[in-house]
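Engineer: Before we start, here is the structure in question, set down as structure tokens.
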């Protein structure tokens, strides 16, 4: 284990792009494979196979770390946390724990001991891996489990329902944003990035649940999207700019569908059928593109560069 306690800060390079892409394919492929194994061999078989895969991943992660490949080690550790979650869930299912008492709801009520135990074990594995490999992406499973656990518990205590769940998502998301901002401490802490992402997604998802049908609602989404861009400039976190841009694209798409009809799922391709307005769609998207460029210029001009940390995190490739 490295003696440094500072988080790694991967830099964007050809090697890291390929490594991240490979890890992404591996996670989705393993998810598909585990589904097949469960269908064919049941929870007991899935437990055995996931344990084998986890053991292999541990060896690969430690080996990569010893070879001086911290990004590879961290990515393998992320996949390992995913396999650990599958292993624990399959074990609980095999011994009769009821992990999803309400199949019609995304949340389980938050008060079941089996659910709390599963969340604790997965979060504990993520914390251990994060302390071991200091890889920022390991914050993702920890933040995801934390978000779900808090939402699940609040629904169980306060009661759920579509409107209540959306309100809770906004409040919990704001809590994540505050925690991430305090973790930054005036700078840019690598671990805080994914907390900002989860918080921004939670707030935006709750808002979209309320406002997604009528014209005046999409105008409010437009305003919130601009607020996201302002937050991106204030906090120096680009994730809010990405989410704000997504909201602006969604708003533009709504009005294009309302005024001209989209015609096709890809806005820049020729429209079908022929009677769809062929001028309105590209012109509105052209205006949107110009607006996004203008917002980018404003953010760049007014952005305050955060002070450097006392001991910067080591950059790795």
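Residue numbers (the numbering used here): 963 to 1279. No residue lacks a Cβ here, since even glycine has one placed at the ideal position from N, Cα and C.
1. In three-state terms, what does DSSP make of residue 1103?
2. Determine the contact status of residue 1112 and residue 1134, defining contact as a CB-CB distance below 8 Å.
3. To the nearest angstrom, report how far apart residue 1259 and residue 1183 are at their CA atoms.
4. Should residue 1285 and residue 1036 be called a contact, given that it needs their Cβ atoms to be closer than 8 Å?
5. In terms of residue numbering, what span does the alpha helix (DSSP H) encompassing residue 978 cover?
6. On a CA-only basis, which of 1016, 1097, 1051, 1077 is nearest residue 1115? Give me that one, please.
7. How about residue 1261 and residue 1203: do their beta carbons lie closer than 8 Å?
8. Quick one: Cα of residue 1156 to Cα of residue 1125, how far?
9. Quick check: residue 1243 and residue 1222, are their CB atoms within less than 8 Å of each other?
10. Let me know the secondary structure DSSP gives residue 969 once reduced to three states.
11. Return the CA-CA distance between residue 1227 and residue 990, expressed in angstroms with no decimal places.
12. Can you grab the Cα-Cα spacing for the pair residue 1254 / residue 1103, in whole Å?
13. What number of angstroms, rounded off, separates the C-alpha of residue 1006 from the C-alpha of residue 1075?
14. For residue 1190 and residue 1220, I'd like the C-alpha separation in whole angstroms.
15. Would DSSP call residue 1149 helix, strand or coil?
16. Apart from the five residues on each side of it in sequence, which residues of its chain come closer than 7 Å, Cβ to Cβ, to residue 995?
17. Are the CB atoms of residue 1246 and residue 1214 nearer to each other than 8 Å?
18. Under 8 Å, do residue 1089 and residue 1050 count as touching if we go by C-beta distance?
19. From this set, 1181, 1176, 1166, which residue's C-alpha is nearest residue 1201's C-alpha?
20. Using the three-state DSSP reduction, which class does residue 1180 fall into: helix, strand or coil?
21. According to DSSP, simplified to helix, strand and coil, what is residue 1249?
22. Take residue 1151 and list the residues in its own chain whose beta-carbon comes closer than 7 Å to its own, dropping the five residues that flank it on each side.
Structural biologist: With the given structure in hand:
1. In the structure shown, residue 1103 sits in a helix (DSSP, three-state: H, G or I).
2. yes
3. 22 Å
4. The structure shown does not extend to residue 1285, since the chain is modelled only from 963 to 1279, so the question has no answer here.
5. 976-1028
6. 1077
7. Taking 8 Å as the Cβ cut-off, residue 1261 and residue 1203 qualify as a contacting pair.
8. 26 Å
9. Residue 1243 places its beta carbon less than 8 Å from that of residue 1222.
10. coil
11. Only weak support exists for where residue 1227 lies, its pLDDT of 49 falling under 50; the coordinates are left without a value.
12. 31 Å
13. One Cα belongs to residue 1006, the other to residue 1075, and the distance between them is close to 21 Å.
14. C-alpha of residue 1190 to C-alpha of residue 1220: approximately 25 Å in a straight line.
15. coil
16. The same chain holds no residue with a CB closer than 7 Å to that of residue 995 once the five nearest residues on each side in sequence are set aside.
17. yes
18. no
19. 1166
20. helix
21. helix
22. 1145
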